[in-house]
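Data block below; observations after.
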Amino acid sequence: MGIPKMFRFLTDRYPLIMQRLDEDHVFDHFYLDMNGIIHQCTHPNDDKIAIENIEEMFASIFEYTERLFRIMAPTKLMFLAVDGVAPRAKMNQQRSRRFRSAKDAERNIIEAIERGEEVPEGKPFDSNCITPGTEFMYNLSERFRTWIHEKMSTDPAWQKGCTVVFSGSEVPGEGEHKIMDHIRSWQKSDQYSPEIRHCMYGLDADLVMLGLVAHAPHFTLLREKMKFSRNGRKVPKMKGTENDANEFELLEIAMLRDMLFLEFKRTETGDPFERPFDRRSRRPPSKFERKAMLATFPREQSKSMNGTGEKRRPVLKLEARRVVDDFVFMCMLVGNDFIPNLPHLDIAEGAINIMFRVYKELLPTWGGYITLGHKLHHDRLESFLTKLSQSESDYFENRAFSDNMAAYRTPAYRREYYKQKFNFDVDGEGGSQNVERLKRIHMEGLHWVLQYYHNGVSSWNWFYPDFYAVLASDMKNLRSIKVGFQKGRPFRPLTQLMAVLPPASAHFLPAPMGKMMLTPESAVAEFYPVDFETDMNGKRNSWEAIVIVPFIDEKRLLAEVNAIDKEQFSEVERKRDEFGPEYWFYAQDYPTSDIEVVPVRTSKYFVPYSERSRSPSSPTRTPSPRRGVSNGTGHRQSSLRGGGSEHGSASRSSAQDARSTASSNRSSRGSGRGRGRGSRGGRGRGTDSRGGGRQ
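Going from the sequence shown to the working numbering is simple: count from 1 and add 3.
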């Protein structure tokens, strides 16, 4: 989901970043954040009732993936990433969405009947099955691997040298962040080239932020042109001919990076900045328009005159990379999937424009920036938030609140806010301690999100334990706050299902676990209310409302799950609770060779690696950048069969031993080509990683 309304803000402010997709575009690496495709191919993003037809849904997903592959025609790599088990920080939002989804599905059926509409026959599709660990996602991963194998075995378009990587729901991590982990690993490898042209497909606005922090010279986003559904939500136009590129548009991250740098460049001389462009049309500008707009854009703004004919002396020599990183951080303040935004920073109320003005005013006085990669400068952040908080009272006084928030229009808005949202008296006993607690956990959240965007998961355990944020005016004395994280481990897939699913979706779990959700006497029954409240919190659309459901108590949940006799589970249910590897399909291996998988552990988590099996006479090939991934300690990881961990240089002999063992195992299994042996054959070794789970 990312940052609501951010994409619209950026394309309105900087229209040059948008381009039409045409035959002139060539991309080497193409990354697909698959969950958007899965959702759009299985159920509409409106009030219509979807009927479950799994075979048709799978076929639609494969067809759309094929369409994207043929339109983009990547020359070197296509990376397909499905959401796996997410960090605990993301589970709060996932839980909220799934509880709302179950309630909306029930309401849609009732309202359709009341309107006299004919309700389609068949079993309604429960979109909550699009969660790691369900039978739906387990089957989708298996079918996807088979489908890729068949395409690369039989389709000449897939045999032109492009490697395909599939990271399914059995690999922990959000899809877009698994992609970023891959890009960061590749950037550190010997195979890195700044000339590689990257393109990432996805619908989430936070992909823009991830593209910016990648700092790759050639990075582009692909997305469908958008329309609006009945409930006001944006949905992609996913219909069209097989190679109809007109349904898509590109966002050039490099151009956005340039626009952002120019946006702030006048701060070098303290000059005011005028908005560079006003977008008069939602269509991307033509090539002629782009050239004309660039020609009239003031590129050398630092040479602006002070009215006396003299050039101003630079106050601060800006670094484009640092400015872009600060912009990404500012966007995190107005919205992200992990912590609530500061109350008066609403992008719909002009929060980005306000932050731009404040940042331009303060940047020359700081002598530096708010961020340094994944690190925060607390003093500069406090200065920034203090200035921003000057508009806080105006926000509460001017906004049209609901009746129960009318008191916010008075000067006592601070007291009323904490009373309404947190149920404590800020001026009473314990009030200041409660504010200090909120301030500390919000700072933890800002650090966690910043590290997540730049380096990946810093902690699988950490999460924000409230529905609302502290006021910006209370973000003071930040220097005293020390933040640190313990890495931890992700939830196992089935435990994660219990952490995010509502009771209406208990049927997606093995019977003993589903019973724990539905039985009132269960020790965890309180976490699964059938009815719950929502808080619009000043928002306009129902899907923006805050869902008030209890936060999961991790220790209690794990204690109950661990007490279950897993022998009651079927074989497939036990497999659904295992983690697995990524699968690499090399074009040169087809149609006569096979693929084997060798998982690799790193200090972050499992970064699986696979390479083709080959005969001793086969020529040595440059290994995948997944081999020898840096673990952040200065050491490199060896490829070890069974997922072992070892420090030291990547060992050629250990990799050869793994290939030899894999080759002999493959021979003993038989061919099995008709069932996609490349994917299924390697799966057994991938599940050696199950020992790294949380339980």
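Ideal Cβ placement from N, Cα and C applies to all residues, glycine included.
Between the CA atoms of residue j and residue i - distance to the nearest angstrom
i, j, result
"Gly583", "Val174", "5 Å"
"Arg2", "Ala257", "This structure cannot settle anything about residue 2, because the visible part of the chain is limited to 4 through 698."
"Gln43", "Arg482", "45 Å"
"Pro513", "Glu124", "27 Å"
"Asp428", "Arg417", "10 Å"
"Ala219", "Arg324", "11 Å"
"Val122", "Ile54", "10 Å"
"Phe12", "Met203", "20 Å"
"Pro7", "Lys163", "39 Å"
"Glu145", "Lys154", "14 Å"
"His381", "Thr537", "34 Å"
"Leu336", "Asn344", "6 Å"
"Glu117", "His510", "27 Å"
"Tyr372", "Glu266", "16 Å"
"Trp189", "Ala590", "19 Å"
"Ile21", "Thr14", "In the sequence as presented, Ile is not what sits at residue 21; that position holds Met. Distance between the alpha carbons of Met21 and Thr14: 7 Å."
"Glu585", "Gly171", "7 Å"
"Val452", "Pro367", "26 Å"
"Pro127", "Glu529", "27 Å"
"Asp397", "Tyr421", "17 Å"
"Gly338", "Asp158", "43 Å"
"Gly433", "Gln423", "16 Å"
"Met37", "Leu83", "6 Å"
"Gly39", "Asp477", "38 Å"
Exposed unless 16 or more other CB atoms sit within 10 angstroms - verdict on residue i
i, result
"Ala92", "buried"
"Val85", "buried"
"Ser435", "exposed"
"Gln454", "buried"
"Ser156", "buried"
"Val575", "exposed"
"Asn1", "The displayed coordinates of the chain run from 4 to 698. Any statement about residue 1 would go beyond what the structure contains."
"Ala507", "buried"
"Tyr362", "buried"
"Val503", "buried"
"Glu581", "buried"
"Asn480", "exposed"
"Asp592", "buried"
"Ala562", "exposed"
"Gly194", "Sequence inspection shows Gln at residue 194; the Gly mentioned does not correspond to that position. That one is exposed."
"Gln499", "buried"
"Arg559", "exposed"
"Val473", "buried"
"Leu19", "buried"
"Ala658", "The pLDDT assigned to Ala658 is 35, lower than 50, so where the model puts this residue is not dependable; a value taken from the coordinates is nonetheless given after this. When all chains shown are included, Ala658 counts as buried."
"Ile555", "buried"
Contacting residues, own chain, Cβ-Cβ under 6 Å from residue i (five flanking each side not counted)
i, result
"Gln571", "Pro515"
"Pro90", "Val460, Trp463"
"Met262", "Tyr17"
"Met539", "Ala548"
"Thr374", "Asp328, Asp329, Phe332"
"Thr270", "Lys363, Leu366, Pro367"
"Phe10", "Ala208"
"Thr625", "Reliability fails at Thr625, whose pLDDT of 34 lies under 50, so the model's placement of it is uncertain and the value that follows must be treated cautiously. For Thr625, where only same-chain residues beyond five positions count, there are no Cβ hits under 6 Å."
Same chain, Cβ closer than 8 Å to residue i, five either side skipped, listed in chain order
i, result
"Lys390", "Val361, Glu364, Leu365"
"Phe425", "Asn437, Leu441, Asp469, Tyr471"
"Phe251", "Leu24, Ile74, Leu225, Arg226, Glu227, Lys228"
"Lys79", "Asp31, His32, Gly164, Cys165, Thr166, Ile199"
"Asp568", "Pro515"
"Ile444", "Tyr467, Pro468, Asp469"
Cβ shell of residue i (< 7 Å), same chain only, five flanking positions each side left out
i, result
"Pro197", "Pro220"
"Ile52", "Asn111, Ile112, Ala115, Val122, Pro123, Pro127"
Contact with chain D by residue i, beta-carbon distance below 8 Å
i, result
"Lys518", "Of the protein chains in this structure there is only one, and it is not chain D."
*Entirely within the region 133-190 and at least 4 residues each: give me those alpha helix (DSSP H) ranges in chain order.*
138-157, 178-190
*asked:* Runs of 3 residues minimum, wholly inside the region 58-92: which ones carry the beta strand (DSSP E) assignment?
replied: 80-84
*When the Cβ atoms of the region 61-75 are set against those of the region 150-168, are three or more pairs found closer than 8 Å?*
yes
*Complete runs of the alpha helix (DSSP H) confined to the region 492-573 [at least 4 residues]*: 496-503, 514-521, 557-565
*Could you give the uninterrupted runs of the alpha helix (DSSP H) lying entirely in the region 353-385, keeping only those of 4 residues or more?*
354-369
*Does the region 491-498 come within contact of the region 517-527, defined as at least 3 CB pairs closer than 8 Å?*
no
*Per the contact definition of three or more C-beta pairs closer than 8 Å, is the region 206-219 in contact with the region 326-333?*
yes
*Fully enclosed by the region 6-45, which alpha helix (DSSP H) runs are 4 residues long or longer?*
9-16, 38-45
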